[in-house]
Amino acid sequence: TIIGTARETVPGERRVALTPETARKFIAAGASVRVEQGAGLSAGFTDEAYATAGAEVVDADAVLQSDVILCVQPPVPERLMQLRQGTVLVGLLSPQAEPARAAAIESRQLVAFPLERLPRTTRAQAMDVLSSQAGMAGYKAVLLAAGLAPRFFPMLTTAAGTIRPSRVLVVGAGVAGLQAIATAKRLGAQVEGFDVRPETREQIESLGGKFLDLGVSAAGEGGYARQLSDEERAEQQRRLAEHLKQVDVVVCTAAVPGRPAPRIISADMVAGMKPSSVVVDLAAETGGNCELTRPGETFESGGVTVAGPLNLASSGAVHASEMYARNLLNFTSLLLKDGALSLDWDDELLARTVWPERQPG
Ligand code: NAD
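Mapped onto full-length UniProt numbering, the consecutive letters of the sequence shown carry residue numbers 4 to 364.
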């Protein structure tokens, strides 16, 4: 089996889906590996490093002849149309996001594994690209906020007086949010976080953060969050608006799988914040947690800086790629038996991830 990786084509994408380390492991497992010249350069991996690992460094056309193509972002439809029928594709493919992409996958009968569809079971944890990339994004979101904020994060005692620490609120305490809390804490800020899942209280506290109690618990049956009533939501919004008047930095990370980001911070709430405060909205990609967010832009509104960064994981391309490539190695290993392609549709990780969905059997 030939495993191939081409250079990413989406502008600004610095990550790569295969590293010299994972190339070596694929080869040790009996596969051969092709990588396009320069594919790893923006993530810090040279062609020489791939060649030393045993990979063939080739042009894009040769990569497209591989049996399995590993990518970060989806290849453009014209490229998909160049692939041989039945080629396996693994990556963040979001097939439904672009009709031409979906059409190309179907017409070439590609076996596409969009990893955002991977079930989040214990066995799938080592393949979970959403988690590994969210960790980098949460980390970078706090560094971005610290860069935009016209103040120190830590408390400082200086000859020019004492500086009080910045107050940072992290909205949403999933993988990105928890990494944001940990990072802001390491920078010395006073950190609070909140989430609708009640179990996050303990996770936030274990990182040294404070759980922001908005007086409404969404604890439902079986550990799941329940829908809030309109009155409860209004009360939560009122308390949050009050609280936001005191914070210096808000990092938004709340998301609902497969849905637009929940709107949590209204324009009025931002208007009530102190001038000089900063909102970094990691949810910009899916519409934003803040009503004012403009995806990909940073601007000022009444003295408050609002940033809606896109693809922050790419800005940490070295480690993001290392983790991403290991996730892909772990997933792709399920598709290989003694180095040969062997798709076991009884394995729920394959059957539930593949797109278009397969009928059982
Ligand atoms: P995510 O990116 O989908 O969402 C981020 C967070 O936003 C979640 O914690 C969610 O509860 C929160 N949120 C949604 N609506 C909100 C609202 N209105 N207000 C405040 N917060 C809101 O989530 P994620 O980071 O990908 O993962 C969430 C959790 O899933 C993890 O913390 C973990 O418990 C679990 N998980 C399990 C596995 C696995 O077992 N393989 C892998 C990854 C994550």
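In this text, a Cβ means the ideal position worked out from N, Cα and C, and glycines have one as well.
All figures in this text were calculated on a predicted structure; none of them were measured in a lab.
Cβ pair residue i, residue j closer than 8 angstroms
i: Thr256; j: Val281; result: no
i: Leu247; j: Leu215; result: no
i: Val66; j: Gly7; result: yes
i: Ala46; j: Arg17; result: yes
i: Ala34; j: Thr4; result: yes
i: Thr296; j: Ala287; result: yes
i: Leu181; j: Phe197; result: no
i: Gly43; j: Val19; result: yes
i: Ser97; j: Asn330; result: no
i: residue 373; j: Gly141; result: Residue 373 lies beyond the stretch modelled for the chain, which goes from 4 to 364, so this question has no answer here.
i: Gly94; j: Leu121; result: no
i: Ala107; j: Leu92; result: no
i: Asn333; j: Ala129; result: yes
i: Val219; j: Gln206; result: no
i: Val60; j: Gln40; result: yes
i: Lys143; j: Gly319; result: yes
i: Leu21; j: Ala328; result: yes
Local Cβ density within 10 Å of residue i, reported as buried at 16 or more and exposed below that
i: Gln88; result: exposed
i: Pro312; result: buried
i: Glu195; result: buried
i: Arg262; result: exposed
i: Ser193; result: A quick correction: the sequence has Gln, not Ser, at residue 193. Buried, by the Cβ-count rule.
i: Asp70; result: buried
i: Ala316; result: buried
i: Pro260; result: exposed
i: Gly299; result: exposed
i: Gly212; result: buried
i: Ser232; result: exposed
i: Asp62; result: exposed
i: Ala270; result: exposed
i: Thr203; result: buried
i: Gly164; result: exposed
Best match in the options for proximity to residue i [C-alpha to C-alpha]
i: Thr186; options: Ala237, Gly164, Val254, Ala162; result: Val254
i: Asp64; options: Val321, Arg37, Pro312; result: Arg37
i: Thr160; options: Leu73, Gly138, Asp62, Gly191; result: Gly191
i: Val114; options: Ala140, Gln99, Ile72, Pro80; result: Ile72
i: Ser324; options: Gly138, Gln68, Asp271, Leu353; result: Gly138
i: Glu303; options: Asn292, Ala274, Glu59, Met326; result: Ala274
i: Thr12; options: Ala162, Ser69, Pro77; result: Pro77
i: Thr289; options: Val283, Asp350, Pro278, Pro265; result: Pro265
i: Arg242; options: Ile268, Gln230, Val252; result: Ile268
i: Ala310; options: Val145, Val321, Pro359; result: Val145
i: Asp349; options: Gln362, Arg204, Gly342, Val79; result: Gln362
i: Gly306; options: Val252, Asp347, Gly291, Asp341; result: Val252
i: Pro14; options: Asp233, Leu337, Tyr53, Val79; result: Val79
i: Lys340; options: Ala328, Phe29, Asp62; result: Phe29
i: Tyr53; options: Asp62, Pro23, Phe116; result: Pro23
i: Ser169; options: Phe155, Ala162, Phe116; result: Phe155
Length of the line joining the Cα atoms of residue i and residue j
i: Val357; j: Leu151; result: 41 angstroms
i: residue 365; j: Gln249; result: Summary: the structure shown does not reach residue 365, with the chain confined to residues 4 through 364, and so no result is reported for it.
i: Gly175; j: Ala258; result: 7 angstroms
i: Thr90; j: Ala148; result: 42 angstroms
i: Thr124; j: Ser279; result: 42 angstroms
i: Pro359; j: Glu109; result: 8 angstroms
i: Ala32; j: Arg200; result: 41 angstroms
i: Met158; j: Asp347; result: 56 angstroms
i: Ala294; j: Arg126; result: Ala is not the amino acid found at residue 294; the sequence shown has Glu there. Taking the straight line from one Cα to the other gives about 37 angstroms.
i: Ser345; j: Ala354; result: 13 angstroms
i: Val291; j: Asp284; result: At residue 291 the sequence reads Gly, which differs from the Val that was named. Taking the straight line from one Cα to the other gives about 6 angstroms.
i: Ser336; j: Leu352; result: 12 angstroms
i: Thr49; j: Asp131; result: 26 angstroms
i: Arg111; j: Ala179; result: 36 angstroms
i: Glu81; j: Thr55; result: 32 angstroms
i: Leu210; j: Met272; result: 27 angstroms
i: Gly177; j: Gln230; result: 18 angstroms
i: Glu208; j: Arg167; result: 21 angstroms
i: Leu133; j: Glu235; result: 31 angstroms
i: Gln99; j: Lys188; result: 38 angstroms
i: Ala162; j: Phe116; result: 59 angstroms
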